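*Asks:*
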Amino acid sequence: MPGPDRARAHSAPGRDPPPRHLGAARTENFCYSRRPEMAHPASLLADTVRKAVVDAFGPEHAGADPAVHRSAFADYQADVALRLARAVKRPPLEIAELLAQKVEVSGLCSEVRASRPGFVNFTLDRAFLERSVEALARDERAGVPRAERPETVVIDYSAPNVAKEMHVGHLRTTVIGDALARLLGFLGHRVIRQNHIGDWGTPFGMLIEHMLDIGVGATDELGLFQFTEFYQAARKKFDDDPAFADRSRKRVVLLQQGDAETLALWERLVEASRVYFRAVYDKLGVLLEDSDIRGESAYNADLPGIADELERRGIARVDDGALCVFLPEFTGRDNEPLPLIVRKRDGGYGYAATDLAALRYRVETLGATRVLYVVGAPQHQHLAMVFAVAKRAGWLPDSVRAEHVAFGSILDENRKMFRTRAGESVRLLALLDEAIERAERAIREKNPELPAEERAEVARQVGIGAIKYADLSTERIKDYVFDWSRMLAFEGNTGPYLQYAHARICSILRKANETGIALASDLLRGQVPEGVRVELGEPAERALAIELLDFAAAVDAVGVALQPHRLCSYLYELANTFTAFYEACPVLRADNPALRDSRLVLAAATRRVLATGLGVLGIAAPARM
RNA sequence: GCGCCCCUAGCUCAGUUGGAUAGAGCACCGGACUUCGAAUCCGGUGGUCGCAGGUUCGAGCCCUGCGGGGCGCGCCA
């Protein structure tokens, strides 16, 4: 039952202060077309509230978070008064009232009112919204400003192993990393992708010997690509045949010594893998290229220096033959400090040394101000230790942020690790092909008129998009359940649903164009002629406008928190808001041409935001499906 | 044993630095197509937010303890 508090708290006549009605909007203050970059409503409101706080309570509160966000009781609300109450020793409502009076919102809001117990509610001005949506509709960036202070962001992701097939375990790191790379790049940061492939280590001894056994040329025909069989055959010989094992060990030594012939054989394996990686990345539609590859081997020459410096400066010490860094803040069994092993007892270097060298390279050579590791959650402690050691050694200064972008596992319907029936890891290429096949079947059934050639391409976009979206749309730290029928559903928060929403809008614009509406051909080319005006007379139109203008805030939030699922939620909400608009407001059959054009612009703006939003997630937005 | 992560409706998941009434989809029940793409839409049923304390004007969110699940914890990466 609805509680009485609600009425008392929010709308009791005479209890809340009267609303502050503002005069006619001076929209020229917010004429976006004159600005190099747009600012979205939430940030404009935050700025103006911040000023009002300083104005009312002094500069010592300049740092107070205005706490502006969307509201169920207005367009936006600010909660800063509630938080300020203690500091300024005044009742929250009084503070809210004062802020409502002081806040400078002419041209931005049509109404500002305080509400118990201490909220400030903002209603955006209609003309402001209309002009802003017009600007968004003709802005290639759909209203997203570039970062004021661009950073150099190094993103470490994907990292498959040479001479091994990629499997589901590589899906999340590759998809999440790609989305973050696109999104941060879109925000104007300098993004440097780093594919830290596993191209070094003792297994290469047996792999090279096996390659010699079956004929060097054979690896060129590994095709797409029987690395698993290749690897397993080598492994079996290593375990069963002492002579082969002996050769393998000697080969490792040759490799580490830089023997030219051995290196050439090794390079042959790496190149075969690069061909394979390209095929996977191409099918998956991610940005990674050969030039992004900087594997473990790239740091070989740095490892002795890393070890020496740590030992010389007393950060590391030899324990039981191995060079270790002990960090008091990390403990393991028996409460003993946990070692980070830099150099093994046999003189070889472990992956900790490589990670340290890579981090130093990224900071000192690449000039990173932010380093992201898109790596599974189980590695959290390892990375935390690497960061801690790097900090202590001065390789990771306070001016650089190193962040572990951790993610959970992919589970099957029984909540077990996602594997084949035989208990093997699922091949990534097979998984992608199945997604495409399933999408193809669905499209053929639901839209038989689509030409076969186009259908094949759309099936690829929908199938891959479904897999990516399923991965990106839940909070990444949690495990998620892999479910074909859910991710390929056209209902709910799925990739296909958003792609459908986009395709349907395209269809409206196409139809308008075919009907001979002049504006439509401009809109299809992404252009909005001068003079076309958006009118927001209906609540559904107004709601859509506000949602559209929130796009920048959604993208920005992901850039900070590195949580792509927030952008997914936003896009899903936008699609729903558009549908509500579309149900309530006839577009092609609007009452008059001006209203029809206004609604076409709203549709075009929605299309742009959907396509841009899906694009920064790495998901295609087909015009028909 | 120590540490990290997770626990929200029958299922799968949202819930923005603590803010006004905890929301979607699926499933189930009932509606809406001679009408812009019904692949879309609109209602309804359904929740002691794992449990118990604490901090706060206010806790799904923060702190402590407990329970359940997952994963790490010296020479693989």
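Residue numbers (our numbering): 1 to 625. Every residue gets a Cβ at the ideal spot worked out from N, C-alpha and C, and that includes glycine. Note that the coordinates shown come from a computational prediction; the quantities given were computed from them, not determined experimentally.
(1) What residue range is occupied by the uninterrupted beta strand (DSSP E) comprising T152?
(2) Is the beta carbon of V120 less than 8 Å from the beta carbon of V534?
(3) Could you give the uninterrupted runs of the beta strand (DSSP E) lying entirely in the segment 193–232, keeping only those of 3 residues or more?
(4) Between V375, A181, D75, R113, which has its C-alpha nearest V616's C-alpha?
(5) Give me the Cα-Cα distance between K468 and R317, rounded to the nearest whole angstrom.
(6) Going along the chain, which residues of its own chain have a beta-carbon closer than 7 Å to the beta-carbon of R599, five neighbours each way excluded?
(7) I'd like to know if the segment 504–512 and the segment 463–481 are in contact, where contact means that at least 3 CB-CB pairs between them fall below 8 Å.
(8) Name the one or two DSSP bridge partners that P337 has.
(9) Going straight from the alpha carbon of H69 to that of T606, what length do you get?
(10) Going by beta carbon distance, what residues of the same chain come within less than 8 Å of H565, once the five residues before and after it are set aside?
(11) DSSP has L124 in a bridge; who is on the other side?
(12) Let's see if you can read the secondary structure: which residues bound the alpha helix (DSSP H) around E434?
(13) Run through DSSP, which three-state label would V389 get?
(14) Would you report the Cα separation of M211 and G258, rounded to the nearest angstrom?
(15) Suppose you measure from the CA of V103 to the CA of A96; what does that come to, to the nearest Å?
(16) Please check the pair V560 and R362, which I expect to be a contact at CB under 8 Å, by giving their CB distance rounded to whole angstroms.
(17) Can you look up R401 in the DSSP assignment and give me helix, strand or coil?
(18) Could you say if the segment 122–129 and the segment 149–167 meet the contact criterion of at least three C-beta pairs nearer than 8 Å?
(19) Could you name the residues that DSSP lists as bridge partners for A322?
(20) Can you pull the DSSP bridge partners for H167?
(21) Rounded to whole angstroms, what is the Cα-Cα separation between V270 and Q77?
(22) What does the alpha-carbon distance come out to for the pair E449 and A456?
(23) Are the beta-carbon atoms of A459 and E445 separated by less than 8 Å?
(24) With distances taken between CB atoms, is the gap from F551 to G618 smaller than 8 Å?
(25) Could you say which of A114, A72, G107 lies nearest to P91 if we only look at CA atoms?
(26) Using a Cβ-Cβ cutoff of less than 7 Å, which residues in the same chain neighbour W484 once the five nearest sequence positions on both sides are dropped?
(27) I need the straight-line Cα distance from H61 to P41, nearest angstrom please.
(28) Could you check the C-alpha separation between A621 and L519 for me, to the nearest Å?
(29) At a cut of 8 Å, does the segment 264–281 reach the segment 199–216 through at least three beta carbon pairs?
(30) In whole angstroms, give me the CA-to-CA distance for R138 and V601.
(31) For S297, does the count of other Cβ atoms within 10 angstroms reach 16, so buried, or fall short, so exposed?
(32) Which of helix, strand or coil does DSSP assign to M625?
(33) Going straight from the alpha carbon of E229 to that of A39, what length do you get?
(34) Tell me the rounded alpha-carbon separation between G314 and D412.
(35) Below 8 Å on the Cβ atoms is my contact criterion, and I expect E309 with A393 to pass it. Report the Cβ-Cβ distance as a whole number of Å.
(36) Just verifying my parser: in three-state terms, what is the DSSP assignment at A590?
*Replies:* From the atom records:
(1) Here residue 152 refers to the residue found at position 152 of the first sequence. Counting along the chain, the unbroken beta strand (DSSP E) around T152 starts and ends at 152–156.
(2) To locate residue 120, count along the first sequence from 1; it is residue 120. To locate residue 534, count along the first sequence from 1; it is residue 534. No. Outside cutoff.
(3) Within the segment 193–232, no complete beta strand (DSSP E) run reaches 3 residues.
(4) On the first sequence, residue 616 is found 616 positions in, with the first residue counted as 1. The candidate whose alpha carbon is nearest that of V616 is A181.
(5) Residue numbering aside, residue 468 sits at position 468 when the first sequence is read from its first letter. Residue numbering aside, residue 317 sits at position 317 when the first sequence is read from its first letter. The alpha-carbon atoms of K468 and R317 are separated by roughly 45 Å.
(6) Numbered from 1 along the first sequence, position 599 holds the residue referred to as residue 599. Result list for R599: C585, V587, A590, in chain order.
(7) The count of Cβ pairs closer than 8 Å, one atom from the segment 504–512 and one from the segment 463–481, stays below three, leaving the stretches out of contact.
(8) In the first sequence, counting from the first residue as 1, residue 337 sits at position 337. Partner(s): T331.
(9) The count along the first sequence starts at 1 and reaches residue 69 at position 69. The count along the first sequence starts at 1 and reaches residue 606 at position 606. Cα to Cα, the separation comes out at about 21 Å.
(10) Position 565 of the first sequence, counting from 1, holds the residue named residue 565. Excluding positions up to five away in sequence, the list reads L472, S473, T474, E475, R476.
(11) As a position in the first sequence, residue 124 is number 124, starting the count at 1. In the DSSP output, where bridge partners are listed per residue, L124 has C109.
(12) Stepping through the first sequence from its first residue, residue 434 is reached at position 434. First-last of the alpha helix (DSSP H) with E434: 428–446.
(13) Here residue 389 is taken as the residue at index 389 of the first sequence, counted from 1. The answer is helix: DSSP assigns V389 an H, G or I state.
(14) In the first sequence, residue 211 corresponds to position 211, counting from 1. In the first sequence, residue 258 corresponds to position 258, counting from 1. Per the coordinates, the alpha-carbon of M211 lies some 18 Å from the alpha-carbon of G258.
(15) What you label residue 103 is simply residue 103 of the first sequence in a count that begins at 1. What you label residue 96 is simply residue 96 of the first sequence in a count that begins at 1. When rounded, the distance between both Cα atoms is 10 Å.
(16) For the purposes of this step, residue 560 is identified with residue 560 of the first sequence, where counting begins at 1. For the purposes of this step, residue 362 is identified with residue 362 of the first sequence, where counting begins at 1. Rounded to whole angstroms, the Cβ separation of V560 and R362 is 20 Å, and the two are not in contact under 8 Å.
(17) The count along the first sequence starts at 1 and reaches residue 401 at position 401. Here R401 carries a strand assignment [DSSP, helix/strand/coil].
(18) Judged by Cβ distances under 8 Å, the segment 122–129 makes no contact with the segment 149–167, as fewer than three pairs qualify.
(19) Translated into the one-based positions of the first sequence, residue 322 becomes position 322. DSSP lists D319 as partners of A322.
(20) Taking the first sequence and counting its residues from 1, one reaches residue 167 at position 167. Under the DSSP definition of a beta bridge, H167 partners with R427.
(21) Taking the first residue of the first sequence as 1, we reach residue 270 at position 270. Taking the first residue of the first sequence as 1, we reach residue 77 at position 77. Going by the C-alpha atoms only, they are around 56 Å apart.
(22) Taking the first residue of the first sequence as 1, we reach residue 449 at position 449. Taking the first residue of the first sequence as 1, we reach residue 456 at position 456. A direct Cα-Cα distance of roughly 13 Å separates E449 from A456.
(23) Along the first sequence, read from residue 1 onward, the residue named residue 459 stands at position 459. Along the first sequence, read from residue 1 onward, the residue named residue 445 stands at position 445. Result no, Cβ atoms of A459 and E445 do not sit closer than 8 Å.
(24) Locating residue 551 in the first sequence gives position 551, counting from the first residue. Locating residue 618 in the first sequence gives position 618, counting from the first residue. Between F551 and G618, the CB-CB gap reaches or exceeds 8 Å.
(25) What you label residue 91 is simply residue 91 of the first sequence in a count that begins at 1. Checking every option, the nearest Cα to that of P91 belongs to A114.
(26) Residue mapping note: residue 484 aligns to position 484 of the first sequence, counting from 1. The residues R438, in chain order, have a CB closer than 7 Å to that of W484 in the same chain once the five nearest residues on each side in sequence are set aside.
(27) Working through the first sequence from its first residue, we reach residue 61 at position 61. Working through the first sequence from its first residue, we reach residue 41 at position 41. Rounded to whole angstroms, the separation of the alpha carbons of P41 and H61 is 22 Å.
(28) Numbered from 1 along the first sequence, position 621 holds the residue referred to as residue 621. Numbered from 1 along the first sequence, position 519 holds the residue referred to as residue 519. Cα to Cα, the separation comes out at about 22 Å.
(29) With a cut-off of 8 Å, the segment 199–216 and the segment 264–281 count as touching, because enough Cβ pairs lie within range.
(30) Residue numbering aside, residue 138 sits at position 138 when the first sequence is read from its first letter. Residue numbering aside, residue 601 sits at position 601 when the first sequence is read from its first letter. So the alpha carbons of these two residues sit roughly 9 Å apart.
(31) Position 297 of the first sequence holds residue 297. Buried, since its Cβ has 16 or more Cβ neighbours within 10 Å.
(32) Within the first sequence, numbered from 1, the residue matching residue 625 stands at position 625. In the displayed model, M625 falls within coil according to three-state DSSP, outside both helix and strand.
(33) Here residue 229 refers to the residue found at position 229 of the first sequence. Here residue 39 refers to the residue found at position 39 of the first sequence. The straight-line gap from Cα to Cα measures roughly 55 Å.
(34) Residue numbering aside, residue 314 sits at position 314 when the first sequence is read from its first letter. Residue numbering aside, residue 412 sits at position 412 when the first sequence is read from its first letter. The alpha-carbon atoms of G314 and D412 are separated by roughly 47 Å.
(35) For the purposes of this step, residue 309 is taken as residue 309 along the first sequence, with counting starting at 1. For the purposes of this step, residue 393 is taken as residue 393 along the first sequence, with counting starting at 1. Between E309 and A393 the beta-carbon gap is near 7 Å, inside 8 Å, which marks them as a contact.
(36) For the purposes of this step, residue 590 is taken as residue 590 along the first sequence, with counting starting at 1. In the structure shown, A590 sits in coil (DSSP, three-state: anything other than H, G, I, E or B).
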